[in-house]
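Chains as they are written, first to last, in UniProt numbering: chain R, 1 to 507; chain A, 1 to 180.
Just so you know, even glycine gets a beta-carbon here, dropped at the ideal spot from N, CA and C.
Notes follow the structure.
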Amino acid sequence: MNIDAIMTGMELILTPTSLGLIFMSVLLGVVIGALPGLSSTMAVALLLPFTIGMEPVVAISMMAALYCAGTFGGSITAILINAPGAPPAVATALDGYPMAQRGEAGRALGIAAISSVSGGLLSLVAFIIAAPLLAKVALSFRPQEYFALTLFGLSMLAAISGKSAPRNLISGMFGVLVSVVGIHLVTGVERFTFGTTFLYDGIDFVPVLIGVFAIAELLKQASLHTTALERIRDVAIRLPSMDDVRRIWKTILRSSGIGTIVGILPAEGTTVAAIMGYNEAKRWSKTPEEFGKGSVEGIAGPEAANNAGTSGAMVPTLALGIPGSGTTAVILAALIMHGFRPGPFLMRETPEILYAIFIAMFIANFAFLFVGLAGAKVFSMITLIPRTFLWPAVFCFSIVGAYAYQQQMFDVWVMLGSGLIGFVAMRHGFGPAPFVMGLVLGGLLEKNWSQAMIIFDSDWTLFFHSWIANLFYVLTALSLASPLIGGALRAGRARMARRASSLPPGD
Amino acid sequence: MNETSRKAGIGNGGADGSPNFRVHRPDIWVTFIVLSICAALYLRTFWFDSVPDSLAQNVQPPTFPRLVLGVIAAISLLIPFEYHRKLKSGIDLDEERAEPLKPIVLITAGLLLALVAAMPLLGALPALVLVTAALPLLWGERRWKLLIPFIVIFPLAVLFLFSEVLQVTFPRGLFGDLLR
Chain R
1 MNIDAIMTGM ELILTPTSLG LIFMSVLLGV VIGALPGLSS TMAVALLLPF TIGMEPVVAI
61 SMMAALYCAG TFGGSITAIL INAPGAPPAV ATALDGYPMA QRGEAGRALG IAAISSVSGG
121 LLSLVAFIIA APLLAKVALS FRPQEYFALT LFGLSMLAAI SGKSAPRNLI SGMFGVLVSV
181 VGIHLVTGVE RFTFGTTFLY DGIDFVPVLI GVFAIAELLK QASLHTTALE RIRDVAIRLP
241 SMDDVRRIWK TILRSSGIGT IVGILPAEGT TVAAIMGYNE AKRWSKTPEE FGKGSVEGIA
301 GPEAANNAGT SGAMVPTLAL GIPGSGTTAV ILAALIMHGF RPGPFLMRET PEILYAIFIA
361 MFIANFAFLF VGLAGAKVFS MITLIPRTFL WPAVFCFSIV GAYAYQQQMF DVWVMLGSGL
421 IGFVAMRHGF GPAPFVMGLV LGGLLEKNWS QAMIIFDSDW TLFFHSWIAN LFYVLTALSL
481 ASPLIGGALR AGRARMARRA SSLPPGD
Chain A
1 MNETSRKAGI GNGGADGSPN FRVHRPDIWV TFIVLSICAA LYLRTFWFDS VPDSLAQNVQ
61 PPTFPRLVLG VIAAISLLIP FEYHRKLKSG IDLDEERAEP LKPIVLITAG LLLALVAAMP
121 LLGALPALVL VTAALPLLWG ERRWKLLIPF IVIFPLAVLF LFSEVLQVTF PRGLFGDLLR
């Protein structure tokens with residue numbers, strides 16, 4: 001372990017300014033997480049322009065803290081008003097809201113907070129152990145292996161947001177295509193610049209991220225009606241009793257493991273982790289019949305898993321330069337924007353960033369426990385902010401943020417254009433998260449492909465001469481085929497069940 | 001026939017009776033648009049400057065984009081066959097686009113374009129004031145006691161944060177130039 005790097009990381013984070021900024025990010029994260037429609041991905045994208053002039057490590061730490069807190073914030077409104085502020089909290093609402101309805105809102109919030117913090121802290125341990133190890137392994141990767149790894153990361157797009165694997169993949173590949181706009185690095189030839197000098201350096205991440213996450217959502221909100229939500233008013237926060245702890249500690253441990261592993265897998269996010277955490281909690285529970293009616297394990301399972309997923313998702317982002325979720329794709333873009341080289345070189349050249357982020361996330365976990373518990377009642381009232389004020393405010397931040405990045409109106413147009421295209425694409429099932437991952441990974445994919453092609457003298461067969469690369473190709477093929485394999489397995493199971501039910505008793 | 005079975009096409013028959021190979025008309029259009037974009041961009045790659053092989057080192061500028069476009073085109077061919085298969089497993093791909101776009105969405109999009117176009121002309125502060133006034137009014141907000149403080153305070157606060165704290169220079173616009 002690099003003691004110097006740890007000390008430097010601590011020095012960077014343990015200053016009053018950094019701590020203040022991290023605390024502010026936590027507060028912002030909980031607020032954004034609590035607001036249905038606003039996601040932590042969008043919040044991190046909007047935060048990017050604010051961090052331009054900041055110390056890069058503090059800027060990235062702020063985003064990591066916001067990511068952690070945003071994931072927890074969603075569960076407050078999930079429990080108190082049955083409106084999950086963020087997708088990872090959907091599973092929490094299944095048991096949290098029934099508990100709140102029977103007058104145990106405080107207990108539900110206490111269990112959610114303790115489970116979230118436990119999940120977050122346990123996976124941070126995995127993060128600090130796994131990230132340097134993974135980076136050390138990745139340091140030996142050659143361009144063809146890196147190409148295969150990036151391809152694997154992109155293939156995992158098929159699983160993002162669930163609905164349609166082909167659409168996710170197309171969305172991701174369009175992201176890759178947008179990343180090639182500009183001057184070709186090997187030959188200096190213009191590609192897709194359409195004669196405008198603004199596109200010589202390519203299309204920048206920041207305005208595109210703001211556009212696809214904020215503007216597309218704003219247009220979606222334009223057609224929605226304001227709905228009055230029934231609010232649980234009696235919220236006396238109560239930490240879990242010893243009896244509760246005895247019932248949930250195994251669930252927390254199991255879900256933390258699930259969340260960390262799911263988070264580490266490229267492109268899988270905290271939502272998948274939360275759903276798996278919930279399902280496993282139910283499967284292993286001694287009282288599965290209580291699920292959906294206000295089971296404490298039904299809250300602990302998804303909450304521990306989704307927060308464990310946040311630290312897990314940071315592992316491939318920092319160690320390999322392959323984002324673990326939509327939000328970490330934005331954090332990856334921020335790393336590049338601040339001049340870092342995400343991937344194994346980040347660990348070798350600036351190891352202090354790893355420890356700084358670790359410390360920031362550690363602090364963030366305790367901060368949102370305090371903020372979330374002390375202010376749960378206030379945060380549940382945040383949903384009272386009318387959308388007629390909220391979304392114009394988001395648009396103001398979007399315009400100013402997109403402009404502030406390079407101080408040119410062209411970026412504001414890129415932001416708006418991305419938002420409008422993103423909105424139309426979303427209506428037809430093409431998600432913004434795969435697009436952003438493609439955009440962020442596109443440069444890396446082409447760079448490694450080009451390097452390998454130069455080394456191999458255009459001999460494609462040499463791409464398959466490395467066992468590590470071949471392993472990634474197999475994983476890529478498996479992840480691409482996973483929707484088909486899953487469908488076939490489900491159909492097979494359904495056929496078996498039908499056959500079993502048609503057999504006469506006794507057979 | 002109930003809604004789900006109607007959507008799933010149960011009872012309507014199919015080309016071969018299997019939902020796996022039935023096409024969904026809106027998705028044919030989606031595929032057509034994706035393929036058209038791919039074709040247009042692929043054509044565009046023929047206008048890239050040519051580079052001698054010795055300089056390109058086996059990596060000609062159009063090769064990678066063409067590969068990506070080929071992959072997109074190939075995957076897009078699966079899209080029309082997806083709908084009925086997904087519906088069988090309870091996923092409705094038409095959920096988001098089931099209703100036609102409401103006029104308010106189109107008007108909002110138009111307003112956003114107009115507001116951004118107005119920014120260099122008016123300057124940042126008047127443009128933001130317009131945003132905070134026009135959007136809530138368009139969306140039906142009429143609580144003036146809330147709206148007026150929002151219009152006055154919010155743009156000023158945002159611009160103060162960016163211009164004074166983060167040292168960003170915004171377009172001054174016509175009014176800014178007149179004041180100067």
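Taking 8 Å as the cut-off, the beta carbon of A308 of chain R is found closer than this to the beta carbon of T260 of chain R.
Taking L122 of chain A as the centre and dropping the five residues before and after it, the same chain places the C-beta of L130, G173, L174, F175 closer than 8 Å to its C-beta, in chain order. The beta-bridge partner set that DSSP reports for R191 of chain R consists of R:G182. Taking 8 Å as the upper bound for CB-CB distance, A364 of chain R and V26 of chain R are in contact here, some 5 Å apart.
Taking the C-beta atoms as reference points, T92 of chain R is found nearer than 8 Å to I299 of chain R. If you look at E95 of chain A, you'll find it isn't in any alpha helix (DSSP H); DSSP assigns it neither H nor E.
The DSSP assignment places no complete beta strand (DSSP E) segment of no fewer than 3 residues inside the segment 285 to 362 of chain R. Between I76 of chain R and G443 of chain R, the gap from beta carbon to beta carbon reaches 8 Å or more. Secondary structure of L480 of chain R (DSSP, three-state): helix. In the structure shown, the three-state DSSP call for A83 of chain R is coil.
Residue environment for I75 of chain A: buried (at least 16 other C-beta atoms within 10 angstroms of its C-beta).
In the structure shown, the three-state DSSP call for L209 of chain R is helix.
Residue-level contact by beta carbon holds for P386 of chain R and chain A, with a gap shorter than 8 Å.
Scanning its chain for C-beta atoms nearer than 7 Å, with the 5 sequence neighbours on each side dropped, one finds no residue around I129 of chain R. Here DSSP, grouped into helix, strand and coil, assigns N2 of chain R to coil. For A452 of chain R and N306 of chain R, the gap between their C-alpha atoms comes out near 37 Å.
Restricted to the segment 124 to 168 of chain R, the alpha helix (DSSP H) segments that are unbroken, complete and at least 4 residues in length are 143 to 155, listed in chain order. Around T327 of chain R, the same chain offers S40, T41, V44, Y67 as residues with beta carbons nearer than 7 Å, after the five sequence neighbours per side are excluded. Against chain R, the CB of A109 of chain A has a partner CB under 8 Å away; the residue lies at that interface. Residue environment for T350 of chain R: buried (at least 16 other C-beta atoms within 10 angstroms of its C-beta). Against D457 of chain R, the close residues of chain A are N58, in the order they occur along the chain (beta-carbon pairs closer than 7 Å). The beta-carbon of V189 of chain R is placed less than 8 Å from the nearest beta-carbon of chain A.
In this structure F370 of chain R is exposed. Its beta-carbon is surrounded by fewer than 16 other beta-carbon atoms within 10 angstroms. The closest CA to that of L475 of chain R, considering only R:L154, R:G110, R:P88, R:P302, is found on R:L154. By the rule that beta-carbons nearer than 8 Å mark a contact, H338 of chain R does not touch chain A. Chain R places a beta carbon closer than 8 Å to that of W139 of chain A, counting this residue as a contact. Across the set R:T196, R:A402, R:M314, R:L265, the C-alpha of R:A402 shows the shortest separation from the C-alpha of F213 of chain R. The straight-line gap separating the alpha-carbon atoms of L159 of chain A and D201 of chain R is approximately 28 Å.
Relative to the Cα of D94 of chain A, the nearest Cα in the group R:K163, R:V90, R:M7 belongs to R:K163. For Y97 of chain R, no chain A residue has a Cβ inside 9 Å of its Cβ, as the nearest lies near 23 Å away. One thing to note: F435 of chain R has its Cβ no nearer than 8 Å to the Cβ of L135 of chain A. Interface annotation, E82 of chain A: in contact with chain R, CB-CB separation under 8 Å. Closer than 8 Å to the CB of H184 of chain R there is at least one CB belonging to chain A. The continuous alpha helix (DSSP H) containing V116 of chain A extends over residues 103 to 122. No Cβ of chain R is located within less than 8 Å of the beta carbon of R66 of chain A. In this structure, R:G257 is the residue among R:G257, R:L199, R:V206 with its C-alpha nearest to the C-alpha of S118 of chain R.
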